[in-house]
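Report on the following structure.
There are 2 protein chains.
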Amino acid sequence: MIIIYFLIFAVRFSHQREKIREIVYNTNSHPTADKIFLEAKKSIPKISLGTVYRNLKQLEISGEIKTIYDDNIARYDWNTEPHNHLKCKNCGDLIDIVLKDKSIHPKIKKDFKFNVDKVEMFIIGTCKKHAKQT
Amino acid sequence: MIIIYFLIFAVRFSHQREKIREIVYNTNSHPTADKIFLEAKKSIPKISLGTVYRNLKQLEISGEIKTIYDDNIARYDWNTEPHNHLKCKNCGDLIDIVLKDKSIHPKIKKDFKFNVDKVEMFIIGTCKKHAKQT
DNA sequence: AAATAAATAATAATCATTCCTATTATTATT
DNA sequence: AATAATAATAGGAATGATTATTATTTATTT
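Sequences listed follow chains L and H, in order. Be aware that the first sequence starts at 1, since it is given in the numbering used here, and climbs by one per residue. Be aware that the second sequence starts at 1, since it is given in the numbering used here, and climbs by one per residue.
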């Protein structure tokens, strides 16, 4: 027996979603849902936090943004290309970096029989603004 | 002027803390606070979740255990040596691995003027139990 | 054994996030 | 342009993880 599901999912235009997308795409600091909410409020005063979360999830599903977890809170990133983050323990800033080294993938596959999809890396330390001179 | 602070912090014995330490040290699955709480309850029925969290934090501060964040919940690890985790997206299991390659430290220091303390890496994919054959 | 102060149990509070529902807004159809 | 269908919203309640509060208990010192 063959069962075919058609999931018809009509995504309609919404001003709120446009604004949320615009905010994420214009922010480099990996904002939290709350930051996005406060920013969106400036132009859409009645917007609700639930709307922000719902649309962020939808934008993530459609591949337009990426969610990253910093300790236990979600942050949102316009950069959907594979990349990693430096986190300064002094200022909390997240800095995007691209490490193009893919050599660990085959190594992990060989050593642990584990198929790697993606590597989420948080490199913790002190950024140049806060480093003591060495 | 020289100011010297003596922070006298008398840590007293407690059965609850001993049990919590014992549970973490005998569990390889990176248990959550709740799991530890349920396990501790078996021998200390009146233990409270607050006690579990308070002691886990204290054990973390004293360097006896390590906290890792898996998406948005905290897990606890007896392994305080630098290591990383493979996370299977099917079963959610976390597998400890040690990647001894420290070559990214000087590279990041050079390229980004960023002093690396530690690298937290979550390698997401499918473990051997759940991998399709390739 | 009495005095002390750290640790606890129980519970309230908080914070991020998700869920619920009556209402509103977008889009397709007449 | 009006109508119908239904996706999206605002507002608020609910949830789940974690932290804070406080009266009581317990380990240690005197």
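Just so you know, even glycine gets a beta-carbon here, dropped at the ideal spot from N, CA and C. What you are looking at is a predicted structure, and each value in this text was computed from that prediction instead of being measured.
Sequence-distant Cβ neighbours of H:Lys19 in its own chain, meaning closer than 8 Å and more than five residues away, are Ala40, Ser43, Ile44, Ile47. Under DSSP, the beta-bridge partners assigned to H:Leu86 are H:Ile95, H:Ile123. The alpha helix (DSSP H) runs lying completely inside the stretch 40-74 of chain H and spanning 4 residues or more are 49-61, given in chain order. Chain-order list of chain L residues neighbouring H:Ala74: Asn72, by C-beta distance under 8 Å. Around the beta carbon of H:Thr80, fewer than 16 other beta carbons lie within 10 angstroms, which makes this residue exposed. H:Phe37 is outside the set of residues whose beta carbon lies under 8 Å from a beta carbon in chain L. Taking a contact to require three or more Cβ pairs closer than 8 Å, the stretch 63-76 of chain H and the stretch 100-118 of chain H do not qualify as touching. Counting only Cβ-Cβ distances below 7 Å, H:Tyr69 has contacts in chain L at Tyr69, Asp71, Asn72, in chain order. Taking 8 Å as the CB threshold, L:Asn115 lines the interface with chain H. Selection L:Lys87, L:Thr126, L:Gly125, L:Val119 evaluated against H:Thr126 yields L:Val119 as nearest (Cα-Cα). Per DSSP, reduced to three states, the secondary structure at L:Lys35 is helical. Residue-level contact by beta carbon holds for H:Leu86 and chain L, with a gap shorter than 8 Å.
Scanning H:Lys109, H:Lys57, H:Ile104, H:His130 for the CA closest to the CA of H:Met121 turns up H:Ile104. For the stretch 23-34 of chain L, the beta-carbon criterion of a distance under 7 Å to any beta-carbon of chain H is satisfied by none of its residues.
If you draw a straight line from the Cα of L:Lys110 to the Cα of H:Lys128, it comes to about 11 Å. Taking H:His83 as the centre and dropping the five residues before and after it, the same chain places the C-beta of Asp96, Val98 closer than 6 Å to its C-beta, in chain order. Look at L:Val116 here: in three-state DSSP terms it is strand. Per DSSP, the continuous alpha helix (DSSP H) segment holding H:His15 begins and ends at 15-25.
Neighbours of H:Val98 in chain L, taken as residues whose beta carbon is under 7 Å from its own, are absent, since the nearest beta carbon is some 10 Å off. Looking at the backbone, the Cα of L:Pro31 and that of L:His85 are separated by about 14 Å.
Under a criterion of Cβ atoms nearer than 8 Å, no residue of chain L is adjacent to H:Thr51; the nearest Cβ is some 20 Å distant.
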